[in-house]
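Some notes on the structure that comes next.
There are 2 protein chains.
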Amino acid sequence: MAEQEDVIELAKRRGFFFGANGAYGGVAGFYTYGPNGAAVKDNLESAWRDRFTVRQGNMEIEAPTIMPEAVFEASGHLDGFDDMLVECPECGESHRADHLIEDNTHIEEAESLPISEVEELIREHDLRCPTCDAALSGEPVEDFNLMFETSIGPGSGQPGYMRPETAQGIFVEFPRLKEYARNRLPFGVTQIGPAYRNEISPRKGIIRVREFTQAELETFIDPEEDEPPLHEVEDVEVTLYPADEQEDEDGEAYTTTVGDAVDEGVIGSDWVGYYLGVAQEWYERVGVDMDRFRFRQHLPGELAHYAADCWDAESEVGAARSAARSSSGDDEEPRDEGDWIEITGFAYRSDYDLSKHAEHSGESFTVFKQYDEPKTVERATVDPDMATLGPEFGGDAGAVAEALQTLAERDPDAFDEAEVEVEVDGETHTVDSDVANFSVEEVTENGEHITPHVVEPSFGVDRIVYTVIEHAYRTDEVDGEERTYLALDPEMAATDAAVFPLVSNDDRLLDLADEVTDDLRAAGLSVEYDDSGSIGRRYRRQDEVGTPFCVTVDRDGIEGDGPDTVTVRERDSARQVRVPVSEVADEIAALLDPEDDRAFDALAASHDEIETDVETA
Amino acid sequence: MAEQEDVIELAKRRGFFFGANGAYGGVAGFYTYGPNGAAVKDNLESAWRDRFTVRQGNMEIEAPTIMPEAVFEASGHLDGFDDMLVECPECGESHRADHLIEDNTHIEEAESLPISEVEELIREHDLRCPTCDAALSGEPVEDFNLMFETSIGPGSGQPGYMRPETAQGIFVEFPRLKEYARNRLPFGVTQIGPAYRNEISPRKGIIRVREFTQAELETFIDPEEDEPPLHEVEDVEVTLYPADEQEDEDGEAYTTTVGDAVDEGVIGSDWVGYYLGVAQEWYERVGVDMDRFRFRQHLPGELAHYAADCWDAESEVGAARSAARSSSGDDEEPRDEGDWIEITGFAYRSDYDLSKHAEHSGESFTVFKQYDEPKTVERATVDPDMATLGPEFGGDAGAVAEALQTLAERDPDAFDEAEVEVEVDGETHTVDSDVANFSVEEVTENGEHITPHVVEPSFGVDRIVYTVIEHAYRTDEVDGEERTYLALDPEMAATDAAVFPLVSNDDRLLDLADEVTDDLRAAGLSVEYDDSGSIGRRYRRQDEVGTPFCVTVDRDGIEGDGPDTVTVRERDSARQVRVPVSEVADEIAALLDPEDDRAFDALAASHDEIETDVETA
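What follows is the structure, given as structure tokens:
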């Protein structure tokens with residue numbers, strides 16, 4: 010059974026990721042991707058772009074990471090994007106108050122509790138500083154805004170913030186983006202890029218960091234008209250953990266289809282259901298272990314007030330299953346449960362975002378929705394007698410007239426009475442209904458301005474990269490020696506194949522190694538050439554990087570009368586087969602091609618296999 | 010002749026780029042890439058990665074954008090990364106003092122002048138506020154640090170900065186990166202990502218912005234051993250504008266080969282020369298117009314003190330040449346000179362960066378260089394008689410002993426005298442040479458620890474994207490109508506081909522359009538399907554986006570007895586040819602394939618051409 014520390018140690022050793030600025034002691038919450046990690050992350054982002062931008066026909070944009078304060082006043086981040094902070098009176102260390110409660114009591118989701126209750130719980134449970142054990146009872150709990158603040162321009166400048174989500178860079182440009190979409194709903198806009206949260210106490214290594222990458226899709230829909238192509242994914246099986254199962258003591262996650270879950274109302278929005286189905290297939294494609302994966306519905310207390318329905322995709326980490334368990338298919342073996350971490354959020358956000366930006370910016374964030382045929386509608390209107398209003402209300406007369414029109418639209422029946430009341434600047438005025446000249450007109454309308462609703466799948470790229478690496482982590486024994494390998498999907502692996510010349514003092518052998526390398530590269534594969542250290546060491550290196558195939562060029566292959574051969578070794582099985590040089594590039598390309606179902610078995614059946622003894626752990 | 014405003018207007022209209030946060034009035038210096046711009050930028054980054062990471066065998070990493078203060082104390086950015094600021098006493102607007110001088114006098118490179126001289130020049134020329142015309146004489150000029158500052162963690166936190174260059178994220182991780190390179194020089198590390206400069210007054214649209222993307226390559230070399238493969242690029246022709254030509258009144262840029270320029274010492278470093286050659290071919294590949302391109306050497310005053318030689322790649326913008334001039338090959342036509350903007354810097358940075366980080370962090374930033382054979386070397390050493398030093402120097406005795414060892418290594422001859430002098434804590438002590446027990450030992454060394462030198466090509470991605478778009482901007486007249494198009498290289502274009510069904514009420518025609526779209530996508534092309542508006546309007550849209558080929562599906566093509574045909578239109582010539590549906594995907598794929606030299610002429614020769622009247626502007 011692999012421990013999370015083993016994965017993190019391998020990640021550091023093999024250039025996947027490591028804490029940044031180590032020479033200066035490091036800064037919690039900031040990680041650097043080494044060459045292999047950057048390659049896996051790039052592969053993951055490409056796979057995301059392929060599925061959620063290109064194949065969905067969406068537009069991808071790239072917006073700045075620093076945004077002005079006005080954006081976050083509108084979005085609500087300036088006021089509400091807070092965590093609860095409690096500072097130790099002894100050592101001065103800051104802690105998340107809700108985490109202290111969750112870690113030391115049976116209370117879950119302490120984040121949604123009011124501050125006063127959190128302070129009360131700290132007192133009640135006599136919670137102490139995890140660093141120095143000083144009592145925290147009586148210490149004030151405060152809201153701490155998680156945005157990184159900076160200043161734009163010289164002097165005192167204007168306040169700016171590192172965006173806490175890529176989404177705002179899309180919402181705020183809606184007025185222009187809708188033009189690129191030729192003003193037709195539905196349309197989707199994606200963005201992949203950095204986002205920032207100034208976490209109070211980053212922990213869990215790369216899982217809770219201060220700078221991370223998001224891949225977000227904002228789908229703008231007409232809620233009355235637009236339906237997702239649900240039929241495309243209705244048969245996709247998903248593991249769901251709905252709110253009621255979470256609230257029930259004996260409740261648990263269960264497997265069903267997207268279609269059934271939407272029909273039965275377990276998933277409240279067909280758009281959210283559609284994206285769960287699309288995403289489910291995508292997680293499988295990139296190598297998330299579906300035995301350690303679920304969709305968890307937000308509990309009522311977790312839901313943002315504007316969100317009608319929200320589900321998180323969660324993966325289980327910290328309880329990596331061994332190769333033995335996976336290959337025997339025996340799921341009965343007891344194991345420790347790991348941590349469930351959110352890797353994607355799926356939210357039906359209604360018109361909240363666009364309405365807020367419209368309200369705060371004064372610009373139009375609507376789309377003109379043309380009717381199939383012009384509609385004749387009744388419209389209540391007034392035509393106030395200004396010769397009466399003027400003398401009566403003086404400078405307020407105009408405002409009173411406007412208020413009458415507003416009233417007519419909102420409550421036309423009010424004008425059935427002899428007098429109506431309107432409010433101007435907090436003062437109530439009474440006006441004779443006759444003076445208003447109320448009437449109902451018939452008007453022809455070609456369409457209406459509507460504020461689109463937003464459906465958002467928001468992917469945490471780093472957490473998915475971590476999950477994919479941890480879920481690929483395996484150990485076994487080959488020819489009596491323990492080894493560790495990453496069973497990464499070829500689409501995710503940093504390198505497709507590695508070429509090893511066995512010795513470095515044989516020109517014919519080195520030429521052959523170059524020839525094989527060139528052939529593989531010409532077939533479009535990424536190839537690492539490694540001539541350093543023993544062959545065993547080179548295999549170990551590539552196994553730990555997750556390279557699917559290794560090609561060794563040795564003297565056996567170039568002696569004798571037959572054609573020159575090399576050995577091709579498959580990562581997961583560690584089996585080795587002798588393959589003629591002329592065939593090797595085509596064979597490996599076919600094995601890597603997801604559309605070609607050729608298996609290593611077939612290659613082994615038609616070529617000489619070298620015996621290897623593999624013992625799964 | 011295209012004006013820069015036309016390019017910027019087209020960029021906004023067609024979704025290349027536009028000022029961000031427009032709904033809130035915008036913030037100077039921040040741009041958003043719309044879908045077409047993001048695609049061009051992504052293509053450019055892929056082409057860079059292909060050439061400078063993959064083909065060079067370098068490692069790519071991804072480091073955080075927020076870094077702690079200690080990094081920038083070491084790098085020198087905290088102290089020296091300043092611009093000169095003068096604030097208007099009337100309107101309060103901030104200006105770059107050096108720009109005011111350059112704009113209003115004949116002085117160039119005012120940036121390198123000391124502040125007192127800049128203040129004097131403002132007085133002397135009676136320079137005024139460009140915003141309100143108030144006098145600036147007598148106003149203080151101040152250094153303004155260009156890094157965006159933020160605070161990491163809760164409370165007062167620790168200071169952090171948005172990185173002003175991606176390079177520091179590489180330098181600071183050198184101790185780990187060298188392990189991934191198996192401790193062997195030379196090796197290169199690349200990074201593509203955001204960088205930030207809090208410009209005092211951003212101007213020139215997307216040319217001088219506050220958030221931008223860099224693509225940097227740091228090559229770590231042993232300056233005594235490592236040679237670049239100069240032969241690969243020695244015959245590449247480059248336009249050079251060396252320092253002496255810039256300083257000579259009649260001097261000008263001239264064309265030579267990389268090999269000659271290195272041989273003649275015009276380019277001072279063969280590594281810099283090598284990268285100029287590699288980059289030259291890359292700029293051509295991505296579509297920079299080589300008539301509006303040069304390599305300009307830094308003047309002695311511009312050079313950083315640690316840089317031995319530094320060249321900028323510069324492109325000329327703001328003077329787009331017309332299609333007429335480009336197609337007639339007539340370069341005699343007079344034209345206005347545009348602005349030369351730096352798009353890449355090539356610097357030999359010596360061991361400056363690694364030495365500084367070693368000094369400030371106390372960590373090792375060296376590589377152990379193994380000798381081919383162990384060397385026997387003489388090493389001067391002392392073995393001071395502490396029984397004498399102790400009573401004489403008390404608590405300082407240890408420090409005096411250390412100072413004696415340092416002196417022995419630095420100046421062994423000093424011990425020939427009867428007495429030597431050493432300094433401890435600013436105090437000079439005299440010691441009898443005998444007490445030092447000086448000797449020279451023979452020791453065997455297997456190698457030495459060396460601090461690698463750095464050669465850095467640093468690309469400004471956004472400026473290259475802008476250059477590629479502006480240099481591709483063309484106007485002409487097709488069938489009597491003016492049109493604008495972007496003659497983008499297919500590798501850069503956002504879309505490979507567009508498919509237009511002529512009418513929307515003919516099922517057979519729509520099915521055929523779907524078939525063609527699927528065929529093109531199956532051939533690996535990115536395809537836009539556009540059924541909105543007149544055909545003329547759709548052509549205009551795709552021309553302005555720079556889509557190389559448009560395929561129109563009309564009734565003519567499906568009537569009659571022969572096979573179904575569609576028209577294929579080439580962007581630059583606007584010529585149209587009828588091609589059978591069964592051939593269209595292969596033909597367009599061949600036309601787009603850079604390794605296939607098939608031309609549209611050949612297609613036209615073997616198929617029916619529809620007459621088009623094209624008049625270049």
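Chains as they are written, first to last, in our numbering: chain H, 10 to 626; chain Z, 10 to 626.
Positions of the beta carbon are idealized from the N, C-alpha and C atoms, including for glycine.
#1: Leaving out five residues on either side along the sequence, give the residues of the same chain with a beta carbon under 8 Å from the beta carbon of A29/H.
#2: If we define contact as Cβ-Cβ less than 9 Å, is Q167/H a contact residue for chain B?
#3: By the three-class DSSP mapping on this structure, what secondary structure does H711/Z have?
#4: Three Cβ pairs or more, each shorter than 8 Å: is that satisfied between the segment 444–459 of chain H and the segment 203–217 of chain H?
#5: In three-state DSSP terms, what is R627/H?
#6: Mind checking if N514/H is an interface residue toward chain Z, Cβ cutoff 9 Å exclusive?
#7: With three or more C-beta pairs closer than 8 Å as the rule, is the segment 171–188 of chain Z touching the segment 226–233 of chain Z?
#8: From T504/H to V463/H, what does the alpha carbon distance come to, in whole angstroms?
#9: Quick one, which of T556/Z, E243/Z, A224/Z, E568/Z has its alpha-carbon nearest A56/Z's?
#10: Which same chain residues, not among the five before or five after A332/H, have their C-beta less than 7 Å away from its C-beta?
#11: Does the Cβ-Cβ distance between V586/Z and I619/Z come in under 9 Å?
#12: Under 9 Å between beta-carbons, which chain Z residues line up against M395/H? List them in chain order, please.
#13: In angstroms, rounded to a whole number, what distance separates the CA positions of A83/Z and E368/Z?
#14: Count the other C-beta atoms from every protein chain shown that fall within 10 angstroms of the C-beta of R330/Z, then say buried if there are 16 or more, exposed otherwise.
#15: Along chain H, which residues have their Cβ under 9 Å away from the Cβ of K50/Z?
#16: Which residues does DSSP list as the beta-bridge partners of Y170/Z?
#17: Name, please, each residue of chain Z whose Cβ falls closer than 7 Å to the Cβ of T526/H.
#18: Do G162/H and E96/Z have their C-beta atoms within less than 9 Å of each other?
#19: Distance cutoff 9 Å, beta carbons only. Does H240/H sit that close to anything in chain Z?
#20: Below 7 Å on C-beta distance, what does L94/Z contact in chain H?
#21: Strictly under 9 Å for the Cβ-Cβ distance: is F153/H near chain Z by that measure?
#22: Can you find at least 3 beta carbon pairs, one from the segment 470–479 of chain H and one from the segment 400–412 of chain H, that sit closer than 8 Å?
#23: Sort E234/Z, F374/Z, V470/Z by Cα distance to Y380/Z and report the nearest one.
#24: May I ask which residues mark the beginning and end of the alpha helix (DSSP H) holding T526/H?
#25: Secondary structure at L511/Z, three-state DSSP: helix, strand or coil?
#26: Relative to chain Z, which residues along the segment 555–571 of chain H have a C-beta separation below 7 Å, given in chain order?
#27: Which residue wins for smallest C-alpha separation from R58/H, given the options Q177/H, L136/H, T199/H, D573/H?
#28: Going along the chain, which residues of its own chain have a beta-carbon closer than 6 Å to the beta-carbon of S336/Z, five neighbours each way excluded?
#29: Any beta-carbon of chain Z closer than 9 Å to the one on F39/H?
#30: Beta strand (DSSP E) containing P203/Z: first to last residue?
#31: How close, in whole Å, do the beta carbons of M156/H and F90/H come, if the pair is a contact with beta carbons under 8 Å?
#32: Closer than 9 Å, CB to CB, is F27/H near chain Z or not?
#33: Does N154/Z pass the burial test, meaning 16 or more other C-beta atoms within 10 Å, or should it be called exposed?
#34: Step through the CB atoms of chain H and report whether any lies within less than 9 Å of the CB of K378/Z.
#35: So which residues of chain H does E372/Z contact, with C-beta pairs closer than 7 Å?
#36: Mind listing the chain Z neighbours of P77/H? Cutoff is C-beta to C-beta under 7 Å, in chain order.
Inspection of the coordinates gives the following:
#1: G35, V36, F39, Y40, T41
#2: Here chain B cannot be found, since the structure's protein chains are H and Z.
#3: Nothing can be reported for residue 711/Z: it is not among the residues displayed for chain Z, which extend from 10 to 626.
#4: no
#5: The structure shown does not extend to residue 627/H, since chain H spans only 10 to 626, so no value can be given for it.
#6: no
#7: yes
#8: 38 Å
#9: A224/Z
#10: Any answer about A332/H is weak, because its pLDDT of 38 lies below 50 and its placement is not dependable; what the coordinates show is given next. For A332/H, where only same-chain residues beyond five positions count, the Cβ hits under 7 Å are R483, T484, D485, T625, A626.
#11: yes
#12: Simply none; closest approach about 36 Å.
#13: 8 Å
#14: In this prediction, R330/Z scores a pLDDT of 47, lower than 50, which makes its location untrustworthy; the coordinate-derived value is nonetheless stated afterwards. R330/Z comes out buried.
#15: E71
#16: M76/Z, E158/Z
#17: Going along chain Z, no residue has its Cβ under 7 Å from T526/H, so there is no contact; the nearest lies around 11 Å.
#18: no
#19: no
#20: P163
#21: yes
#22: no
#23: E234/Z
#24: 516–531
#25: coil
#26: none
#27: T199/H
#28: With a pLDDT of only 42 at S336/Z, under 50, the local geometry of the prediction cannot be trusted, and no value is derived from it.
#29: yes
#30: 196–205
#31: 6 Å
#32: yes
#33: buried
#34: no
#35: A32
#36: N30, Y33, V36
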